[in-house]
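Some notes on the structure that comes next.
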Amino acid sequence: MKIPIRRSEVVLRGDPQRVISRIFIPGEEELIRGTSRVKDVLDRCLSLSATQVHEELAATVANFSQRHRDLKGKFDLHYSAVQHLIPDEAAINNERKRLIGAYLTQEYAVEAAAYFNPSIVAHPDQSGMEPDHLRFVMSVRAVGEGHISTMVFRSGVIDPDGGVQVEPACAFATTRAHRYTVLRNELVQQAAIDAGIDSADLHFVLGMLPDKFTPEDLNASLNLLKLRPERAEHPGDIVEILLEIARNSYEVDFDEDTLLSERVLWPIASDERRGIEDARFVQMADEVGTTTYRATYTGFDGTHVVSRMLETDDFRCFSSSKLTGKAVQNKGVAFFPRLIGGRHCALSRWDRESNSVAYSDDGYHWDEIRSFQSPKQPWELIQIGNCGSPIETEAGWLVITHGAGAMRQYSISAVLLDLENPEFMIGALATPLLTPNADERNGYVPNVVYSCGSLVHRGKLIMPYGFSDYRTSFATVELSAVLDAMEPM
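Using my numbering, the letters of the sequence shown correspond one by one to residues -1 to 487.
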C-alpha cells in the first residue's frame, strides 16, 4: 500500500559563510601533528615595528569583524594561551598582544561540507504563536573541514496543514568555553568498571565521595589514595581513568544574547574529538510532569564510537555525559519520551543490524536489552535502525525506522510497538515511507535518506530528513494513513 507523502519545497544547505574562530597553533594542526612553531611565530611578531603592528591589526579587524561576535575578545583569549612564552610580557602593548592573538586564530566553516540528519522537537517557547501553529527546534549535523561533525540548530513554525517554514540562520556562528560538570558517583563507578577498573582502590576513592561531587572533590580523594598504605603498587591507571571520566563530562553555556541558530556545539570530550554525530532529541516528561529535553548522540574519536547524552531545558545551557552499558555500545540510541513501568526505555541497535528496546533504572546505564525487529524486507536486508525517539499514539509507539538495502540505498519506514510492553512489535509497514528520489540520491554519501527525529502536529507526521549526507528537507504524511497501513505482527 503506497502511503501519500508530501515533500516540502524547503531544502536547507550548509552555509560556508558561517564560520567560528578557533585557536591555531602552528605546527600542531588538527590533521598533521608535529612540533609547535609558536615560539618562532612569536619572535617574528615581536620584531614588527609599532607601525606595522597598528596597520596589520587594523586591516585584520576590518576584514573579519563582520563575520564574528567580539573578534577582538577572541584575539585576546588566544593570546593568553601563549603569553607565558614571552620573556618580557609586561613590555608589550595591547595592540601587539592582540595581533599575536590574531596570528593564533583561524576560521572554521562548520557546515561547509554537509548539513544533514536532523531531529525536531517542540520549541520550549510557544509565546506569540497563532492558533494551531507550532514553533519547533531542529538540530542538524553539520560537517566541515577534516570531516569534523558539530551540532547546529534551526527554528521554525509548522502551520495547521503541516507546512513548514524555517527561520533564516544567524550570520554568526558561536561556540562557548566549557566547564566541568557535577559528577554522579554511581555513573563514574560504572564507567570505570566498563574501562576495566574494578578494584579496592576504586571503591576507596569513590567511597569517600558523596552521590554528587565535583572534579575538585575527585582530585582530593585521589590525593588521599596516594597516602593509603594498602594501595596498589601502580595506582596510575585508576588515577588517569578517573580523571579522564571526569574530563568527559562537561557543560556548555551560551550567552543569553546569542540566537538559537548561532549556537554551535563543538566536540569537547576526548571520545568525541572527531565529531558529534546524529543527535536524537526528545522532550521528556517525568512522573510528576516536569519536562526537559534529552538527546543521545554519537561521539567519534577517529577510531571508536560511544553513545553520549545531552540534557537541556532551554537549548542555551547543555550538559553532556557518556552513557554506559551493553545496550549503548553502538550508534543509534533513542530515548522514549516517558518512563514505562517506572523505568527508562530506549531504542537500541546494539548488535549493529537489528532494532531493540533497552531498559535502565537511572537513564544512564543500559544493560538490559530485548530485540523486537531484525532485517527481513528486501530494502533493509543489510541492516535496520531507528530514525529517532518513539512517538506515542493511541495505537502504540510509532517508531520511524531506516533500512539499508542493495547498493547500500537507505530507505525510511515505520513500525508500531505495544504501549506498555514496547519490546513487542505489533505492526510494521510492508514498504518504505520514503526512498531517495532523483534529486536526492547524489551527494556526500549517495542514495541515502535519514532522519533523527520526527513529531506529530494536528494529526500529521512532520519528518525532517537528510539526503545523501548533504542537505536537509521535510516530509509530511497523515498519521492515520501510517497507522492504517501497519500490517499486524
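A virtual CB, placed ideally from N, CA and C, is assigned to each residue, including glycine.
Per DSSP, residue i is paired with what?
i: Val447; result: Phe465
i: Lys210; result: Arg182
i: Asp251; result: Cys315
i: Gln163; result: Val155
i: Ala283; result: Thr289, Arg336
i: Glu309; result: Arg292, Ser317
i: Tyr357; result: Cys343, Glu366
i: Leu132; result: Ile156
i: Ile21; result: Thr103
At the 8 Å Cβ level, is residue i part of the contact set with chain D, yes or no?
i: Ser358; result: Looking at the structure shown, chain D is missing, and only one protein chain is on hand.
Our contact map puts residue i next to residue j with C-beta atoms below 8 Å; I'd like the distance itself, whole angstroms only.
i: Leu102; j: Ile18; result: Not quite, the Cβ-Cβ distance comes to about 15 Å (not below 8 Å), so this is no contact.
i: Val413; j: Met423; result: 5 Å
i: Gly394; j: Ser449; result: The pair is not a contact, with the Cβ atoms about 19 Å apart (cut-off 8 Å).
i: Phe298; j: Glu270; result: 6 Å
i: Pro388; j: Leu345; result: 7 Å
i: Ser478; j: Glu438; result: That belief does not hold up - the Cβ atoms of Ser478 and Glu438 are roughly 26 Å apart, past 8 Å.
i: Phe134; j: Gly154; result: 6 Å
i: Gln281; j: Thr289; result: 6 Å
i: Ala193; j: Pro213; result: Rounded, the Cβ-Cβ distance is 17 Å, inconsistent with contact.
i: Ala402; j: Ile367; result: 21 Å between Cβ atoms; not a contact.
i: Arg152; j: Met136; result: 5 Å
i: Glu109; j: Gly12; result: 3 Å
Does DSSP put residue i in a helix, a strand or coil?
i: Gly394; result: strand
i: Pro486; result: strand
i: Met405; result: helix
i: Gln124; result: coil
i: Phe73; result: helix
i: Arg350; result: coil
i: Val262; result: strand
i: Phe370; result: strand
i: Phe202; result: helix
i: Lys458; result: strand
i: Ala412; result: strand
i: Gln381; result: strand
i: Val39; result: helix
i: Glu438; result: coil
i: Ser471; result: strand
i: Gly300; result: coil
i: Val331; result: coil
i: Glu476; result: strand
i: Gly144; result: helix
i: Leu481; result: helix
i: Ala193; result: coil
i: Glu418; result: coil
i: Ala426; result: strand
i: Asp13; result: coil
Restricting to Cα atoms, I'd like to know which of the options is closest to residue i.
i: Gly457; options: Val186, His131, Asp359, Asp416; result: His131
i: Gly144; options: Ala344, Gln64, Ala112; result: Ala112
i: Gly425; options: Ser63, Phe73, Thr310, Phe370; result: Phe370
i: Ala293; options: Ile382, Pro208, Arg306, Phe134; result: Arg306
i: Gln104; options: Thr179, Leu69, His363; result: Leu69
i: Arg20; options: Lys72, Phe211, Asp359; result: Lys72
i: Gln81; options: Val39, Leu222, Val186; result: Val39
i: Gln375; options: Glu366, Ser409, Ala171, Leu453; result: Ser409
i: Arg4; options: Ser471, Ser47, Glu485, Asp482; result: Ser471
i: Val186; options: Leu222, Ser247, Phe151; result: Ser247
i: Val304; options: Tyr463, Asp276, Tyr291, Glu109; result: Asp276
i: Leu308; options: Thr179, Ala107, Ala57, Ala473; result: Thr179
i: Tyr463; options: Ser411, Thr310, Arg314, Ser317; result: Ser411
i: Val138; options: Ser259, Ile84, Ala169, Cys168; result: Ser259
i: Pro265; options: Arg278, Thr296, Leu240; result: Thr296
i: Asp360; options: Ser372, Glu128, Gln188, Lys329; result: Gln188
i: Gln494; options: Asn221, Asp312, Glu476, Arg35; result: The requested residue 494 is not part of the displayed model; the chain covers only -1 to 487.
i: Ser372; options: Gln407, Thr399, Asp365; result: Thr399
i: Phe333; options: Asn92, Gln327, Tyr291; result: Tyr291
i: Ile382; options: Ala356, Lys329, Thr391; result: Lys329
i: Phe202; options: Ser219, Ile191, Pro2, Pro213; result: Ser219
i: Val480; options: Gly323, Asp467, Tyr468, Val454; result: Val454
i: Arg347; options: Asn384, Gln64, His363; result: Asn384
i: Asn300; options: Met282, Thr289, Ile274, Arg182; result: Reading the sequence as shown, one finds Gly at residue 300 and not Asn. Selected option, being the one with the closest Cα: Ile274.
i: Ala483; options: Ala190, Gly451, Leu396, Pro420; result: Leu396
i: Glu242; options: Gln281, Lys210, Ser319, Ala175; result: Ser319
i: Ala283; options: Arg261, Leu337, Glu53, Val141; result: Leu337
i: Phe316; options: Asp349, Leu427, Pro213, Met149; result: Met149
i: Ser352; options: Glu421, Val286, Gly339, Gly340; result: Glu421
i: Leu75; options: Ile146, Val59, Gly99; result: Gly99
i: Ser358; options: Leu55, Pro486, Gly340; result: Gly340
i: Phe211; options: Leu181, Leu204, Leu200; result: Leu181
Beta strand (DSSP E) runs contained entirely in the segment 49 to 119, provided each spans 3 or more residues: 103 to 107
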